[in-house]
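Before any comments, here is the structure.
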Amino acid sequence: MVETPGSQSSLHRANLERVVRAVRMAGSLTQAEIARTTGLSAATVSNIVRELKESGTVQVTPTSAGGRRARAVSLSGDAGAVVGVDFGHSHLRVAVGNLAHQVLAEEAEPIDVDASADEGFDRAERLVQRLIATTGIRREKLIGVGLGVPGPIDVETGELGSTSILPGWSGTHPRQELAARLGVPVYVDNDANLGALGEQVWGNGRGTGDLAYIKVASGVGAGLVINGQIYRGPGGTAGEIGHITLDESGPVCRCGNRGCLETFTAARYVLPLLHSSHGTDLTMARVVQLAREGDPGCRRVVGDIGRHIGSGVANLCNLLNPSRVVLGGDLAEAGDLVLGPVRDSVARYAIPSAARQLTVVPGTLGGRAEVLGALALVLSEMGDATLLDSASSSSSSSAGSTNGSVKRRTPVGAVAASV
Numbered sequence: 004m005v006e007t008p009g010s011q012s013s014l015h016r017a018n019l020e021r022v023v024r025a026v027r028m029a030g031s032l033t034q035a036e037i038a039r040t041t042g043l044s045a046a047t048v049s050n051i052v053r054e055l056k057e058s059g060t061v062q063v064t065p066t067s068a069g070g071r072r073a074r075a076v077s078l079s080g081d082a083g084a085v086v087g088v089d090f091g092h093s094h095l096r097v098a099v100g101n102l103a104h105q106v107l108a109e110e111a112e113p114i115d116v117d118a119s120a121d122e123g124f125d126r127a128e129r130l131v132q133r134l135i136a137t138t139g140i141r142r143e144k145l146i147g148v149g150l151g152v153p154g155p156i157d158v159e160t161g162e163l164g165s166t167s168i169l170p171g172w173s174g175t176h177p178r179q180e181l182a183a184r185l186g187v188p189v190y191v192d193n194d195a196n197l198g199a200l201g202e203q204v205w206g207n208g209r210g211t212g213d214l215a216y217i218k219v220a221s222g223v224g225a226g227l228v229i230n231g232q233i234y235r236g237p238g239g240t241a242g243e244i245g246h247i248t249l250d251e252s253g254p255v256c257r258c259g260n261r262g263c264l265e266t267f268t269a270a271r272y273v274l275p276l277l278h279s280s281h282g283t284d285l286t287m288a289r290v291v292q293l294a295r296e297g298d299p300g301c302r303r304v305v306g307d308i309g310r311h312i313g314s315g316v317a318n319l320c321n322l323l324n325p326s327r328v329v330l331g332g333d334l335a336e337a338g339d340l341v342l343g344p345v346r347d348s349v350a351r352y353a354i355p356s357a358a359r360q361l362t363v364v365p366g367t368l369g370g371r372a373e374v375l376g377a378l379a380l381v382l383s384e385m386g387d388a389t390l391l392d393s394a395s396s397s398s399s400s401s402a403g404s405t406n407g408s409v410k411r412r413t414p415v416g417a418v419a420a421s422v
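Heads up: the sequence shown begins at 4 in our numbering, then just goes up one per residue.
Below you can see the structure in the form of structure tokens.
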């Protein structure tokens, strides 16, 4: 039957997709939460959940909400799986999850920053294959892969832009490279955007429609969420907060300008300040640890980093007026040693009304933020229509069977990961 716009069947279909989308994005919702999220009535949600459960699209489990018994609705855990891959300055991390928002396997290994892109993709392929084998997932169950890289991605060509974090990778096409190796759709984004997605879905950005995720590591970047969606800009370079100019006479940045925020905050510029007193084997994680233990030099450096980051955040407040900033990476472990100076600078340099509306918090996902964000990227990019069509086809095949056998549907959907 052909559905016509405005017909009862098309309205029902739209409501089905609204419910599936709400559950897919949240991971698990009670029926009351689905009603609030979608704007549908409780009775309509109840009927739709019953229909989706019968088709095998969702699973329903007992839970409690506000001290009362409730039913938690999530996409079927055995319907399919996705993979997250995160390339960092010195690591490769891969996670496999299912549609019930469970991480089935996760592993990280060091990577040589001087290795070629081909070698990096080969290692990613091997690690993905190994984790899939570990979980026992059949290849036809694999729906898609989210890929994070530490550099800007051209939104039109998929080409990785200039990056000094992984030398030799500039000009490559990560999505095509990994898709050719794995034979499934691949969705790619930079690490800061994926960190924002991870924190928005499961971390300290949850429930916030407008936020900025600031990652300070070998470079400095920001993932921007506006109206619940990652904002990349027309060329994919939005969020390059590290290249805001703080001092026109400051150190020369890798971008060629002077006094960029990155030259006052990134590890490559900051760690040498402590080499004479603390040795040359320092890492940012170690500096944060020493600062928390009371080391005066490390506390001073962490505090200075916080003040400089706060200046950049103040600029974001004045331009975009986000309601929350999440600080990720190793610096987040410093707590108020870094967050206090960030807030002080925001209060000093941001428009007062914007500063009052802003909350600055540490990330809660640590080094997993980007790989979980890669899973969230697949979740956000995958649609609902094919999932429903596949379930409908399965139901029809089952109903029309004369020998009682049920034809198992081919799963299509998306998944994130529990934390």
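The beta-carbon is built from N, C-alpha and C at its ideal position, and this holds for glycine as well.
What's the call for residue i, buried or exposed, on a 16-neighbour Cβ count within 10 Å?
| i | result |
| --- | --- |
| residue 221 | buried |
| residue 11 | exposed |
| residue 228 | buried |
| residue 309 | buried |
| residue 354 | exposed |
| residue 397 | Residue confidence is low: residue 397 scores 47 on pLDDT, short of 50, so the model does not pin down where it sits. Its coordinate-derived value is still stated next. Buried. |
| residue 22 | buried |
| residue 325 | buried |
| residue 344 | buried |
| residue 38 | buried |
| residue 60 | buried |
| residue 399 | The predicted model places residue 399 with a pLDDT of 47, which falls under 50 and marks its position as unreliable; any figure quoted below should be read in that light. Residue 399 should be labelled exposed. |
| residue 255 | exposed |
| residue 13 | exposed |
| residue 175 | buried |
| residue 279 | exposed |
| residue 314 | buried |
| residue 44 | exposed |
Would you kindly check if the distance between the Cβ of residue j and the Cβ of residue i is under 8 Å?
| i | j | result |
| --- | --- | --- |
| residue 320 | residue 379 | no |
| residue 200 | residue 233 | yes |
| residue 244 | residue 224 | yes |
| residue 253 | residue 266 | yes |
| residue 349 | residue 317 | yes |
| residue 83 | residue 381 | no |
| residue 71 | residue 34 | no |
| residue 198 | residue 373 | yes |
| residue 377 | residue 89 | yes |
| residue 98 | residue 137 | no |
| residue 178 | residue 154 | no |
| residue 207 | residue 366 | yes |
| residue 152 | residue 332 | no |
| residue 76 | residue 26 | yes |
| residue 242 | residue 195 | yes |
Quick one: what's residue i bridged to in DSSP?
| i | result |
| --- | --- |
| residue 37 | None; residue 37 has no bridge partner. |
| residue 100 | 85 and 106 |
| residue 272 | In DSSP, residue 272 forms no bridge with anything. |
| residue 363 | 328 |
| residue 263 | 248 |
| residue 66 | 73 |
| residue 78 | 61 |
| residue 111 | 96 |
Using CA coordinates, which residue listed in the options is at the minimum distance from residue i?
| i | options | result |
| --- | --- | --- |
| residue 424 | 283, 46 and 111 | Here the chain covers residues 4 to 422 and nothing more, so residue 424 does not appear. |
| residue 302 | 317, 314 and 336 | 336 |
| residue 364 | 263, 203, 231 and 259 | 203 |
| residue 189 | 139, 213 and 131 | 131 |
| residue 185 | 173, 150 and 172 | 150 |
| residue 115 | 95, 104, 85 and 102 | 95 |
| residue 51 | 330, 18 and 32 | 18 |
| residue 125 | 295, 183 and 213 | 183 |
| residue 306 | 334, 49 and 159 | 334 |
(request) Enumerate, from N- to C-terminal direction, the unbroken alpha helix (DSSP H) stretches of 4 or more residues contained entirely within the region 139-225. (result) Listed in chain order, the alpha helix (DSSP H) elements of length 4 or more contained wholly in the region 139-225 are 177-185 and 194-205.
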